[in-house]
Amino acid sequence: MTSSPHESRRDFLTRSTQGLTAMGTVAAWGSLSLPSSSVASEKPRSPVERPDVFATHAKRARKIAVGPKDQIFVAADQEVLVFNAQGQKQNSLPLPRPARCLAVAGDGRLYVGLIDRVHVFDAKLKEVSVSKRFSEKTIFSGIAISEKHLFLADAGQHVIWRCDLQARMEYVFYGKNGFASPAEFFSIELGTDGNVRVVNSARHRVESYRSDGTFVSTWGERSRTLEGFGGCCNPVSLAPLSNGAFITAERGQPRVKLY
Numbered sequence: 001m002t003s004s005p006h007e008s009r010r011d012f013l014t015r016s017t018q019g020l021t022a023m024g025t026v027a028a029w030g031s032l033s034l035p036s037s038s039v040a041s042e043k044p045r046s047p048v049e050r051p052d053v054f055a056t057h058a059k060r061a062r063k064i065a066v067g068p069k070d071q072i073f074v075a076a077d078q079e080v081l082v083f084n085a086q087g088q089k090q091n092s093l094p095l096p097r098p099a100r101c102l103a104v105a106g107d108g109r110l111y112v113g114l115i116d117r118v119h120v121f122d123a124k125l126k127e128v129s130v131s132k133r134f135s136e137k138t139i140f141s142g143i144a145i146s147e148k149h150l151f152l153a154d155a156g157q158h159v160i161w162r163c164d165l166q167a168r169m170e171y172v173f174y175g176k177n178g179f180a181s182p183a184e185f186f187s188i189e190l191g192t193d194g195n196v197r198v199v200n201s202a203r204h205r206v207e208s209y210r211s212d213g214t215f216v217s218t219w220g221e222r223s224r225t226l227e228g229f230g231g232c233c234n235p236v237s238l239a240p241l242s243n244g245a246f247i248t249a250e251r252g253q254p255r256v257k258l259y
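Start counting the sequence shown at 1; every next residue gets the next number (this note's numbering).
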């Protein structure tokens, strides 16, 4: 991957750790893992760098994102916790209902999905708007942001909402053959090509769509091999890297893989 150390660190924090959060690592342990800045005294068991860990003290943490200044945002319980890059807590944003997903735009705006509404905060973490209720069946589980659009994964209806950057509804798409994922693991991310990647975990694959909902491609299969995805519903999360590659996270037999 051709990127600076700063970019690769941010990629790791923003993306791959989000996958681990989805598998329950943060929720179960109440802690987060950071890339270690020191050299381990013994040989690691895998090529993955040993992480540093800091406690969130949350009962249930669902998602994680990293802002432009390397601030770490954690959707946990009924608030968003804000940490610096060293894991020191800087702020918390109370919410009326549990935070289910979140994402940070390049200009620092923070989008937080509750069960059926989106709360928008400016770069100074001041709440500036709250969306209308999308549907009585809506259960938000993922957020992705492009330069023009906000994409919301709705696990209650298994659809993707496309909105403007004020979280106003524009369009909804249903997938080529429908989406099938457990509510906690219906994840979406924006690839470097601008297409939306959707985790269709019950079908053991990742699907790519243009912003208008047009199907582009799919990859993945059910298999116990390293190349495939095992269990009933995997992967549970994915993360695009700056060179176009992807990191996936699996539950059951926890695995994080690079494609």
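Quick reminder that beta carbons are idealized off the backbone N, C-alpha and C, glycines included.
8 Å contact criterion, which residue i and residue j should meet: CB distance rounded
i	j	result
V198	F215	About 10 Å; that fails the 8 Å criterion.
S181	C233	7 Å
A75	V112	7 Å
L93	L125	6 Å
C103	A153	Note that residue 103 is Ala in the sequence shown, not Cys. Not a contact, Cβ separation roughly 11 Å.
E189	N200	Actually they are not in contact, since the Cβ atoms of E189 and N200 sit about 13 Å apart, beyond 8 Å.
CB of residue i within 7 Å of CB of residue j, strictly
i	j	result
G108	G67	yes
I160	F173	yes
L238	F229	no
A105	S131	no
F54	A65	no
Buried or exposed (CB count within 10 angstroms, at least 16 for buried), residue i
i	result
L241	buried
G220	buried
E147	exposed
V236	buried
H264	This structure cannot speak to residue 264, because the chain is shown only from 1 to 259.
R62	buried
E136	exposed
L226	exposed
V80	buried
L258	exposed
L193	Sequence inspection shows Asp at residue 193; the Leu mentioned does not correspond to that position. The residue is exposed, with fewer than 16 neighbouring Cβ atoms inside 10 Å.
S129	exposed
S223	exposed
Limits of the unbroken beta strand (DSSP E) element including residue i
i	result
N91	K89 to P94
I143	F140 to I145
Y264	An answer regarding residue 264 cannot be provided, because it is not within the stretch 1 to 259 covered by the chain.
V199	V196 to N200
K63	A61 to V66
T218	F215 to W219
R183	For the record, residue 183 in the displayed sequence is Ala; it is not Arg. First-last for A183: undefined, no H or E at that position.
T248	F246 to E250
S237	S237 to P240
R162	V159 to C163
E189	I188 to L190
A58	Segment: none, A58 is in no beta strand (DSSP E) and carries neither H nor E.
Y171	M169 to F173
Candidates the options, of which the one nearest residue i by Cα
i	options	result
A99	C163, V120 and G106	V120
R203	F185, N195 and S129	F185
L150	M169, Y259, Q157 and H158	M169
N195	Q253, L165, G244 and Q86	G244
G213	S223, V206, D52 and R162	R162
G175	Q88, T218, T192 and G191	T218
R133	L110, E127 and D116	D116
Q287	Q71, L95 and Q88	No answer is possible for residue 287: it lies beyond the span of the chain, which begins at 1 and ends at 259.
V82	A123, G252, G156 and R255	A123
N177	D164, Y209, G156 and G191	Y209
Q90	R97, C101 and Q71	Q71
G191	A249, R97 and S211	S211
R205	Y171, D164 and E250	E250
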